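Notes follow once the structure below has been shown.
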Amino acid sequence: MAALTLPAIGGLERHVRRQAGTSTFELAVRGARCANCIAKIEAGVQAIPGVVKGRLNLSTGKLAVEWRDDAVAPQTVIDRLRALGYEAYPFEAASVADDTAREGRFLLRCLAVAGFTTVFVMGLTDAVWYGGTDLDAALRSTFFVLAAIVSVPLTLYAGQPFFVSAWRSLSKRATNMDVPIAAAILLSLGLSLYQTAIGGAHTYYDAGAMLVFLLLIGRYLDFRLRDRARGAARHLAAMQSALVRRLKPGGDLETVAAREVAAGDRVLLAAGERAPVDGTLEDASEADISLVTGESAPVKVAKGEVLRAGSVIIGRPTVLAATAAATDSLVADLARLLEAGQQARNLYVRLADRAARAYVPVVATLSLLVFLIWIANGAALPSALTVAITVLIVTCPCALGLAVPAVQIVATGRLFGRGLFVKSGDALERLAQIDMAVFDKTGTLTFGVPVLRNGSEIPPDVLEAAARLARASRHPLARALAAAAGEGPVALGVREVAGSGLEVGALRLGSAAWCGAAEDGQISELWFRNGASPPVRFTFEDALRPDAAQAVRALRQRRIDVEMLSGDRRDPAEAIARAAAITSWRAGVGPTEKAAHMNALRGVGHRALMVGDGLNDAGALALAHVSVAPGTAADASQLAADMVLRGDSLMPLVEAVDIARQARVLVLENFALAALYNAVAVPLAATGRVTPLLAAALMASSSLLVTLNALRLTWWRR
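Reminder that position 270 of the sequence shown reads as 270 in the working numbering, one-by-one numbering, no gaps.
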């Protein structure tokens with residue numbers, strides 16, 4: 001992989017943020033892969049004198065380091081990370097995204113090269129085995145030389161992910177799973193070259209290439225699943241970088257990035273525009289705040305009332321007087337919540353990581369011990385080395401490396417067919433452990449869009465007349481009315497009065513006051529008036545998903561407690577909770593309160609599933625043990641969630657729990673099969689009864705065995 005070019009030391013200073021006696025430096029870290037990496041990096045950085053805190057977000061690769069005053073030079077932190085075996089450079093979202101894309105392309109190239117090498121070299125060496133005694137030594141040697149010319153450089157190229165990782169680990173006097181892998185590859189190639197040079201009857205070029213190919217499959221699948229979970233914080237950062245129109249003191253407009261807006265600035269917001277920062281309105285308007293608070297209906301925002309960042313103006317244009325900078329807005333707070341949640345989730349130690357901890361030292365020790373025993377018993381160095389390499393090959397963690405990805409791919413494929421897209425590689429492991437499910441209301445238990453409730457009470461001709469006006473507007477309630485009436489003509493020459501309604505001729509559609517009806521404070525309604533005729537009221541509701549109650553009952557049957565947290569008002573929240581058979585619920589819960597609640601559940605030992613769709617749910621989704629967002633959810637929520645649910649049904653969530661629990665059983669079975677394989681194969685290899693070629697075949701068969709076991713998940717039915 002290409003080396004990183006770091007800025008000069010003086011250039012690092014511009015990436016340091018200083019405030020109130022502390023300095024913060026954000027770094028992108030390359031090479032961190034698991035909870036062990038997080039612990040090692042954070043402990044190493046916090047050991048630097050003067051450092052107050054160091055937190056690594058594995059999903060984004062961002063390390064935030066905080067120190068007192070100017071106690072630490074930025075280069076000191078980078079040097080410490082290099083000493084720990086990791087590359088680092090100042091964090092910039094765009095460069096990190098490019099770096100991640102390059103890593104994915106590099107892994108894919110390595111996988112393609114390894115696949116080609118395996119097929120090509122096996123074709124050459126198979127000719128030797130099929131030829132048997134009829135193949136003369138010169139022709140056999142030619143085949144081996146051709147195999148060496150092709151396989152050695154290509155296998156070394158394809159094995160770079162393992163070699164680089166192993167070297168970094170060994171250079172710091174540590175080991176990881178890539179150490180025995182790299183050793184097995186290099187030793188099998190070295191032994192093959194030796195056999196080729198002396199005119200031996202056997203070489204093992206195909207074993208090394210096959211080993212790299214099988215392991216890269218698992219490595220690339222793991223990378224792809226991890227990469228799906230990295231976009232939420234970047235999306236929120238993009239929201240803060242959106243362009244807005246700021247009013248200069250003289251009244252002229254200038255276009256600036258949202259992050260440049262400071263407290264006291266005035267921003268012009270037209271209908272359909274999203275508030276970039278928190279602020280107060282200089283004129284009354286209407287806003288859609290569903291993504292921010294979960295409020296299911298548009299709200300009227302009075303002059304001087306606070307509007308939170310992320311809200312969308314749907315009434316008359318207005319001016320927002322910023323009360324905080326973009327870095328102190330609700331969106332920025334949610335970005336920080338997301339990062340905290342991802343940090344907590346990254347500390348989860350996956351089954352494969354736990355297995356690797358015990359595996360690596362055992363394999364390395366066993367191979368060395370076999371080599372020493374053969375030497376002590378008078379064996380020649382080539383013979384002892386061949387047996388030791390055979391042990392390394394036969395114990396190489398192909399089965400262990402595929403045990404988890406094989407099950408994950410089968411499980412995620414099955415769930416995709418059921419309408420559930422799994423983004424995070426370890427999400428199924430965490431889903432199998434849940435004991436509680438927390439649902440948002442708007443857009444989660446409900447559809448999240450208003451639906452005409454009293455359509456059957458409205459005369460068809462009145463409904464159609466009102467719909468002609470409604471089709472000319474993009475107001476949520478007008479769209480709901482038009483949807484209820486179905487396709488049809490739109491009225492021409494419609495005039496829209498911001499904050500009031502629509503008008504053409506003697507027809508009016510809009511608020512109660514606009515149509516001459518008595519105000520009753522309800523926002524989920526429209527009124528229609530045709531000249532002197534009495535006004536007609538259209539009422540709307542956010543309908544419950546048809547199988548919500550069924551899904552809640554099914555989760556309880558699986559010993560999973562269910563509760564609802566909603567940012568909506570008490571009355572609609574209570575009605576939905578009752579209809580969904582949820583007895584534990586809370587209304588008026590803001591984004592930070594939702595996140596705090598998920599943290600509290602974690603603190604008392606609960607492993608909770610969070611299902612939510614709004615921007616206000618993003619922090620809670622990241623802090624949950626595992627999370628799901630509907631396909632209609634805000635982009636930030638979909639990116640923060642481990643899974644995305646397509647369609648209108650909630651029952652796929654129940655099936656996901658069942659599949660996750662079954663997948664966990666299959667993963668444990670795969671580990672048991674890998675252990676059983678080693679228990680049989682290692683004694684045979686250690687006693688010299690297995691050649692490296694047969695070891696490679698056994699290794700491949702163990703990988704096939706765990707893959708076939710994973711496929712049992714497609715046969716299983718609840």
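Glycine included, every Cβ here is placed at the ideal spot set by N, Cα and C.
Just so we're clear, the structure is a prediction, and the values are computed from it rather than from any experiment.
In whole angstroms, what separates the C-alpha of residue i from that of residue j?
i, j, result
"Arg-246", "Ser-500", "26 Å"
"Ala-112", "Leu-56", "32 Å"
"Leu-601", "Leu-502", "48 Å"
"Gly-231", "Ala-262", "With a pLDDT of only 48 at Gly-231, under 50, the local geometry of the prediction cannot be trusted, and the value read off the model is given with reservation. Cα-Cα distance, rounded: 26 Å."
"Gly-505", "Glu-464", "16 Å"
"Arg-274", "Pro-652", "33 Å"
"Cys-110", "Gly-159", "7 Å"
"Ala-376", "Leu-170", "27 Å"
"Met-610", "His-625", "8 Å"
"Ser-627", "Val-407", "20 Å"
"Ser-701", "Leu-84", "37 Å"
"Ala-483", "Ala-101", "42 Å"
"Ile-373", "Met-210", "29 Å"
"Pro-180", "Arg-219", "15 Å"
"Leu-676", "Leu-705", "11 Å"
"Leu-509", "Thr-446", "26 Å"
"Ala-629", "Pro-489", "36 Å"
"Ala-380", "Phe-671", "35 Å"
Take residue i as the anchor and find which of the options has the nearest alpha-carbon.
i, options, result
"Ser-285", "Asp-278, Leu-269, Ala-624 and Val-277", "Leu-269"
"Arg-559", "Gly-443, Arg-689 and Asp-658", "Asp-658"
"Asp-435", "Ala-302, His-606, Val-312 and Gly-279", "His-606"
"Arg-569", "Arg-586, Val-410 and Ser-165", "Arg-586"
"Arg-545", "Phe-439, Leu-507 and Ala-622", "Phe-439"
"Val-394", "Gly-448, Arg-471 and Leu-684", "Leu-684"
"Val-244", "Ala-321, Pro-361, Ile-458 and Ala-466", "Ala-321"
"Val-212", "Pro-249, Leu-156, Val-256 and Leu-253", "Leu-156"
"Glu-655", "Leu-705, Ala-411 and Thr-386", "Ala-411"
"Asp-265", "Gly-272, Glu-282 and Ala-271", "Glu-282"
"Val-494", "Ala-512, Leu-645, Ala-470 and Leu-253", "Ala-470"
"Ala-47", "Ala-32, Arg-30 and Trp-67", "Trp-67"
"Leu-368", "Leu-385, Gly-378 and Ala-379", "Leu-385"
"Ala-532", "Ala-686, Gly-516 and Ile-38", "Gly-516"
"Leu-698", "Gly-199, Thr-583, Thr-390 and Arg-430", "Thr-390"
Between which two residues does the beta strand (DSSP E) harbouring residue i extend?
i, result
"Tyr-89", "87 to 90"
"Arg-724", "With the chain covering only 1 through 718, there is no way to say anything about residue 724."
"Thr-751", "The requested residue 751 does not occur in the structure, where the chain is confined to residues 1 to 718."
"Ala-322", "318 to 322"
"Ala-64", "62 to 68"
"Ala-288", "Note on identity: in this sequence residue 288 is Asp, with Ala being the wrong assignment. Taken as a continuous stretch (DSSP letters only), the beta strand (DSSP E) holding Asp-288 covers 285 to 288."
The alpha helix (DSSP H) with residue i in it runs from where to where?
i, result
"Val-164", "160 to 171"
"Glu-429", "427 to 431"
"Ala-654", "This sequence places Val at residue 654; Ala is not what is there. It spans 651 to 686 - the alpha helix (DSSP H) in which Val-654 sits, taken as one unbroken run."
"Ala-622", "618 to 623"
"Val-387", "381 to 394"
"Leu-469", "460 to 470"
"Leu-713", "That residue, Leu-713, is in no alpha helix (DSSP H); it is neither H nor E in DSSP."
"Leu-601", "591 to 603"
"Arg-479", "476 to 485"
"Thr-76", "74 to 84"
Kindly identify the DSSP beta-bridge partner or partners of residue i.
i, result
"Glu-723", "Given that the chain is displayed from residue 1 to residue 718, the structure contains no residue 723 and the question cannot be resolved."
"Met-436", "Asp-561 and Ala-608"
"Met-643", "Val-422 and Val-628"
"Leu-502", "Glu-496 and Leu-509"
"Leu-704", "DSSP, once it has assigned bridges, lists no residue as partnering Leu-704."
"Thr-280", "Val-306 and Ala-321"
Is it the case that the Cβ atoms of residue i and residue j are separated by a distance below 8 Å?
i, j, result
"Lys-62", "Ala-28", "yes"
"Ala-595", "Gly-619", "yes"
"Val-432", "Arg-661", "Before going on, a small fix: residue 432 reads as Ala here, not Val. Taking 8 Å as the Cβ cut-off, Ala-432 and Arg-661 qualify as a contacting pair."
"Ala-287", "Val-299", "yes"
"Ala-681", "Val-690", "yes"
"Leu-107", "Pro-161", "yes"
"Ala-480", "Leu-452", "yes"
"Val-72", "Gly-50", "yes"
"Glu-732", "Thr-323", "No answer is possible for residue 732: it lies beyond the span of the chain, which begins at 1 and ends at 718."
"Phe-144", "Thr-76", "no"
"Lys-423", "Val-644", "yes"
"Ala-437", "Val-562", "yes"
"Ile-149", "Tyr-86", "no"
"Phe-538", "Phe-528", "yes"
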